[in-house]
Structure formats: structure tokens, C-alpha cells
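A.B. asks:
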Amino acid sequence: MHDVTHAIRRRRDLIVAAVLVALAACVPLFVKDVYVQNIMVLTLMYAGLSQSWNILGGYCGQISLGHALYFGLGAYVTAILLTKFGVLPWFGMLAGGLISALIALALGYPTFRLGGHYFAIATIVIAEIAYLLFLNWDWAGAALGIDMMVREDSWLKFQFLRSKLPYFYFALFFALAAWLVTWWLENSKWGYWWRAVKDNPDAAESLGVVVFKSKMGAGAISAFLTAIGGAFYAMFVSYIDPDAVMSFQFSLLIALPAVVGGIGTLWGPVLGAAILIPLTELTRSFIGGSGRGVDLIVYGGLIMLISLTRPDGLLGLFSRRKKEVAR
Amino acid sequence: MTALLETRGVWQRFGGLIANSDVSISVGRGEIVGLIGPNGAGKSTLFNLIAGVRPPTQGTIWLDGEDVTATPATERCQRGIARTFQVVKSFETMTVVDNVIVGALVRTTDMRAARRKAFEVLEFTGLAARADVMASELIPSEKRRLEVARALATEPKLLLLDEVLTGLTPLEAQTGVELVRRVRDTGVTVLMVEHVMEIVMPLVDRAIVLDLGKVLVEGKPADVVRDPKVIAAYLGDRHAVGS
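In order, the protein sequences belong to chains A and B.
If you're matching positions, the first sequence starts at 1303 in the working numbering and goes up one per residue.
If you're matching positions, the second sequence starts at 576 in the working numbering and goes up one per residue.
1. For Ala1557/A, which residues of its own chain have a beta-carbon under 8 Å away from its beta-carbon, when the five flanking residues on both sides are left out?
2. What does Gly678/B touch in chain A if you count any residue whose Cβ is under 7 Å from its own?
3. Within the continuous alpha helix (DSSP H) that includes Trp1486/A, where are the two ends?
4. How long is the line joining the alpha carbons of Arg1629/A and Phe1414/A, rounded to whole angstroms?
5. From Tyr1378/A to Ile1542/A, what distance separates their C-alpha atoms?
6. Got a sec: is the Cβ-Cβ distance from Tyr1494/A to anything in chain B below 8 Å?
7. Could you pull the DSSP bridge partners for Gln1461/A from this structure?
8. Taking its Cβ as the centre, do 16 or more other Cβ atoms sit within 10 Å of Glu554/B, making it buried, or is it exposed?
9. Just to confirm the assignment: which complete alpha helix (DSSP H) runs, minimum length 4, are found wholly within the stretch 1517 to 1579 of chain A?
10. I'd like to check one pair, Leu1474/A with Ala1381/A: are the Cβ atoms closer than 8 Å?
11. Under a CB-based cut-off of 8 Å, is Met767/B close to chain A?
12. Can the beta-carbon of Asp597/B be found less than 8 Å from the beta-carbon of Lys804/B?
13. Looking at Val643/B: is its Cβ nearer than 8 Å to the Cβ of Val779/B?
14. So Leu1371/A and Met1537/A are supposed to be a Cβ contact under 8 Å. How far apart are they, rounded?
15. Please check if any C-beta of chain B sits within less than 8 Å of the C-beta of Lys1334/A.
16. Would you check if the stretch 1512 to 1521 of chain A and the stretch 1312 to 1327 of chain A touch, i.e. whether three or more CB-CB distances between them fall below 8 Å?
17. Kindly indicate which residue of Gly1398/A, Ser1540/A, Ile1341/A has the alpha-carbon position closest to the one of Phe1373/A.
18. I'd like to know if Ser1609/A contacts chain B, where contact means its C-beta is closer than 8 Å to some C-beta of that chain.
19. Are the beta-carbon atoms of Ala782/B and Val763/B separated by less than 8 Å?
20. Starting from Lys789/B, trace the beta strand (DSSP E) both ways and give me its first and last residue.
21. Which whole-angstrom value describes the C-beta separation of Asp1455/A and Leu1463/A, a residue pair presumed to lie in contact below a C-beta threshold of 8 Å?
22. Can at least three beta-carbon pairs, one atom from the stretch 686 to 704 of chain B and one from the stretch 615 to 631 of chain B, be found at a separation below 8 Å?
23. When you compare the CB positions of Glu1531/A and Gly1376/A, do they come within less than 8 Å of one another, or not?
24. Taking the straight line between their C-alpha atoms, what separation do you get for Leu1554/A and Trp1481/A?
25. Can you give, in chain order, each stretch of the beta strand (DSSP E) that sits fully within the stretch 1405 to 1457 of chain A and has at least 3 residues?
26. Any Cβ of chain B within less than 8 Å of the Cβ of Arg1415/A?
27. If you reduce the DSSP assignment to three classes, tell me which class Ala1628/A lands in.
28. Consider the C-beta atom of Cys1328/A and the heavy atoms of the ligand FMN; say whether any pair is separated by less than 7 Å.
29. Using a beta-carbon distance below 8 Å, is Ala1536/A in contact with chain B?
30. In the DSSP assignment, the alpha helix (DSSP H) including Gly1603/A goes from what residue to what residue?
31. Here's a check: name, in chain order, each residue in its chain whose Cβ is nearer than 7 Å to the Cβ of Arg1612/A, leaving out the five neighbours to either side.
32. Does any CB atom of chain A fall closer than 8 Å to the CB of Met536/B?
33. Step through the CB atoms of chain B and report whether any lies within less than 8 Å of the CB of Ser1490/A.
34. Would a check of beta-carbon distances place Asn1356/A closer than 8 Å to chain B?
35. Does Met686/B get closer than 8 Å to chain A when you measure Cβ to Cβ?
36. Looking at C-beta atoms only, is the number of pairs between the stretch 759 to 778 of chain B and the stretch 731 to 746 of chain B that lie closer than 8 Å three or more?
Given below as C-alpha cells:
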């Protein structure tokens, strides 16, 4: 009987996702405003990015504040392959994902031995080092960055002069893909291993969970997906430099939707992104011109509010109610 | 036939402190063996050595005729040793059934099979009604049973129980005792650490008493409790018969 309720719950999630995607896909038919479309693209992108971060940070409990590294790598690999070697961004995207996954494994080898806060600090430092490297790496454009000139609309090159719609649909696909990967992994051996590792590594080990291997797996998958998001972002803005794709604020922007929505949950990143990203963009344009960082002040305030009132994220509102019903 | 578990001349030093010195014990298949002794006797240290938390300073540990001295905890679980923790270590953000599924996944990667196994074990341990509750919401005695359930889901040959009966009400302890008997009846060998003698003595087939890191006495529970050395270890020399 329980077997059935579990299966029903999972199917219900799938149906909800399908309905949401169908609704989202129709929105551009009614919303023609480019500014609003832009916000929608970013919201979907961050939903996907945060979903990717959530695999490592939420499910496996390894809080990374350096995902800007993988985001930036995805962007840079795609941009460099396109401008220097003429490789289509679709392949560049995959290459960026694979390179990021490999780097995540190489970095995870030493850092996954670190506990708790030390891991988080290490990720910040490593991402910052990469940022400085790219800032001074002439071949990769250094501080000037890389300009991917858009000459014509082309699906092959994934470049579009005016229309936001292709980007919108790709961002939707990306968010859905990250969600589906999470949905699938959640009910796999990996998903159970990750949650066990997060809750109690000693107990996990005693039950045959290979703790180190499961962290490595989570790191690689998370980095791969994040880099796909970074590659998309590079094509979307068509000009990148270290500040635009690898600065610390991306690490925060990637992690926060999951934290706000509900860390280690399937729907948390989606909910968090749907609230945070429009809010950020709106505050940015309302207070426009008064300097950078105002949006981040709003972020900080929100996080304080949520950690004080709903430490388990906004989704906690629902699960609490469910628990009371269960009693 | 070789014993299921054997320790041969095991020593464990922590700096200048000798927690286990030259401990050689063996546990036969299908036995319930009690590892007892006063506080600080080195029971938990020995227990952790058997579970694979750390390798001993000296000596070897054998499971089923194979040397597992250098085998890490994860692999010992795969080879058939399962344990519980004295201070319970539930996966607090997971439901009861999900806790048990983690254990079941050692033997299968098929989620349906793991889930089915988990429910079987929950049924067996009397936790089935609490399957969908968060582990953090269980009462202490249920958490103890969850520890046992999770361990059983790994289909162990040898189950190590670390003070699972301590601190329970008499009724809960009685349920626990019956559970351990039923576990043994399914063919699992049980080695249990306890320091409260009156709970374990009626349950175990054989008792091994540790004191000051050494094996003091081992034998049938009824003999062990009358042994003057054991009484002296627990109560001090003045209470030992004939002194």
C-alpha cells in the first residue's frame, strides 16, 4: 500500500511539472514585452542552475559557494570554442559540461575530505582563484572578455538578433532537464546515498554507503548541469568577461533560490527562483542607476527573514501542514 | 567449522591509554553473545574495531574465515557485518522507511526491491505503522528499533548491537529482548554490548566479560554472574565472595 502512495506521489510531481512547463511555454504568446521576457529567461535559467546546485548542496549536503566556477567554465569553453575554433555552441555546451565535471572531480578529490564549513570556504577560494586566472589570461580575453558577434539569426549557432523567444524556450528546456534529472535521481540509489551522507556520514558508512564516491558523483553531475547553464548564459548575453560569468555573486545567485525555496527538495529551487529572480530584476530596475548591489541587499534581507521564520525554506510551509494532517 | 567472528590478540591504544589489550574472542554462527563489563572496560572500543571504525593497533579480526582487519566499515557492511549506534544516528530529515531503504540498497539497486525489503523489515521490527513519519519525530525507543531495522535491511550475517536495551522502560526492554530472539531465529548471529547485566543475562547464550581492556571471564550467563572476579569488577573487591 505504501508502495503505491510513493509511486503516486512521484507521478503527481511529474504531472505538476508537465502542466507547469505547458503553461510556461504558452506565456510568450501573451507577453510580448521584451523586458518581461528577459526576466522570464533569467528566472528559468536560475531555476535550472539552482536545481543543479541543489544536487550537491541540498541532497548531498555539501554546501558549495563556488559554483560560479562551473558556470563560468561552461560560458568560457563555449565562447572560446565558438570564436577561436568555430565549434558550434551545441557542442561547446557539452564540452563545457564535461570539462566542468572533470574539474569538479579533480577538485572534489581533496575538498570532499573537508567537513562542513571548511568545504564551503574551500569552494569560495577555488572559484575566486579561477576568476583571477581568467582575469589575467590573455588568450582567453583577460579582463576584456570575449565578444561573440551576432550577425544573423541562427539556430545552428544559437544566436538571435532581437527575439528572446529561442532563448526562452531553451531556458525552459534547461530548467526542465535539471528538474527531471533531480526527479529521477531522487528515487535512485544515488539519491538515497546523498541524503544519508548529508544527515549522518558515520551511519551512512555503517550501512554500506561509499561516502566519498557519492559526494564525487553529486559534484560531477552538479558541475555538468551548472556548466550547461553557463554556456546558455554566454550565448544569451553574447559577450562575456570574468566579472560577467565568474564573479562571486553568481555563486550566491545559484545557491540562493534553493536555499530560499527549500534546500534538498525537488521543488525548492523552482519556487525560490520564481520568487527571487523577478524580485531582483525589479528592484534593480526600480532603483536603477543607484549603483550595483541593491538587489543583493534585498537578497540578504530575504535570507535573514527566511532563516528566522522558515529555516527549512518556503516549501516547509506546505510540509508542516502535511505533517499535521498525518497526525 | 570456523567461528563467524574472531578477534586474535587485538590491542587498541589511544596514546598512552590502552583500551583493549590482547583481546581474543570468538562468536559462533547463530549465537547471541553478550559483551559486558563495567563502564570503561573497553567494550565500545572493541565493538568499533569489529565494526571497522578503525583498524586495531595490533592483532587481527576475522569474519567467516577471512581477515577483515584492514577492511573499512563500508565494506564490512557489504561483507555482512551490520551495527547500531549507542547514541542513535538516524537520518533525521528522512522518513522511517527511507532510513531503512538506505540499508536495503547494499544488496540491490532496484528501488522497488529495496522498498519491499524495507517494509518487510519494518513489519518485522514493529515499525510499519510509523513508516511515513520523519525519523526526527520518533520517540527514543522507536529510534532504537529504527537502528536495528536499518541494520537488518543490509541482510547481515552478524548484527552488532551497541546498548540497544539500555535506558528503555522495562516493557520496552522486554519487546527489545523478544526482537533480538526473533532476529537470531532468522539465522543472524548477534553480538551485543550491554552494561546492565540483568537485561542481557536471560537473553544471551554466552557472555564475555571485559574489564580494564582484557577478557576477564567468558561462559554461560548463569556461571558468569556468580564468578567472584566479575562481582569484584562490578562492585569492588569487598563484595566478592570469600574475600
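Ideal Cβ placement from N, Cα and C applies to all residues, glycine included.
Keep in mind that this is a model prediction, so the values were computed, not measured.
C.D. replies: The structure says:
1. Answer for Ala1557/A: Ser1352, Trp1355, Gly1359, Ile1365, Ser1366, Leu1367, His1369, listed in chain order.
2. Within 7 Å Cβ-Cβ: Leu1509.
3. That run of the alpha helix (DSSP H) goes 1467 to 1488.
4. Low local confidence applies: a pLDDT of 42 at Arg1629/A is under 50, so the model's placement there is unreliable, with the coordinate-based value given in what follows. In this model, Arg1629/A and Phe1414/A are separated by some 39 Å (Cα to Cα).
5. When rounded, the distance between both Cα atoms is 8 Å.
6. Yes, Tyr1494/A lies at the interface with chain B (some Cβ there is under 8 Å from its Cβ).
7. Bridge partners of Gln1461/A: Ser1456/A.
8. A query on residue 554/B cannot be resolved here, the shown segment of chain B reaching from 576 to 818 and no further.
9. As far as the stretch 1517 to 1579 of chain A is concerned, its whole alpha helix (DSSP H) runs of at least 4 residues are 1544 to 1548, 1550 to 1563.
10. No; because the gap between Cβ atoms is not below 8 Å, this pair is not in contact.
11. Taking Cβ atoms only, chain A never reaches closer than 8 Å to Met767/B, which makes this a no.
12. 8 Å or more divides the Cβ of Asp597/B from the Cβ of Lys804/B.
13. No, these two residues do not count as a Cβ contact at 8 Å.
14. The C-beta distance from Leu1371/A to Met1537/A rounds to 19 Å, too long to meet the 8 Å contact threshold.
15. Not closer than 8 Å to any Cβ of chain B, the Cβ of Lys1334/A fails to qualify, so no.
16. The stretch 1312 to 1327 of chain A, when compared against the stretch 1512 to 1521 of chain A, does not touch it at the 8 Å Cβ threshold.
17. Cα-wise, what sits closest to Phe1373/A is Gly1398/A.
18. Judged by the 8 Å Cβ criterion, Ser1609/A is not in contact with chain B.
19. Cβ atoms of Ala782/B and Val763/B: not closer than 8 Å.
20. First-last of the beta strand (DSSP E) with Lys789/B: 789 to 794.
21. Correct: roughly 6 Å between the Cβ atoms.
22. Counting Cβ pairs under 8 Å, fewer than three are found: no touch.
23. Reading the sequence as shown, one finds Gly at residue 1531/A and not Glu. Yes, the pair counts as a contact, with Cβ atoms nearer than the cut-off.
24. Taking the straight line joining both Cα atoms gives about 20 Å.
25. Runs of the beta strand (DSSP E) inside the stretch 1405 to 1457 of chain A: none found.
26. So no, Arg1415/A is outside the interface.
27. Because the pLDDT at Ala1628/A is just 46, under 50, the model does not fix this residue reliably, and the point stays unresolved.
28. This structure does not include the ligand FMN; it has no bound ligands of any sort.
29. So no, Ala1536/A is outside the interface.
30. 1596 to 1611 is the span of the alpha helix (DSSP H), which, as asked, contains Gly1603/A.
31. Here the set comprises Gly1618, Leu1619.
32. The displayed coordinates of chain B run from 576 to 818. Any statement about residue 536/B would go beyond what the structure contains.
33. Yes, Ser1490/A counts as interfacial toward chain B.
34. No, because no Cβ of chain B sits closer than 8 Å to the Cβ of Asn1356/A.
35. For Met686/B, the answer is yes, since a Cβ of chain A falls inside 8 Å of its Cβ.
36. When C-beta atoms of the stretch 759 to 778 of chain B are compared with those of the stretch 731 to 746 of chain B, three or more pairs fall below 8 Å, so the two segments count as touching.
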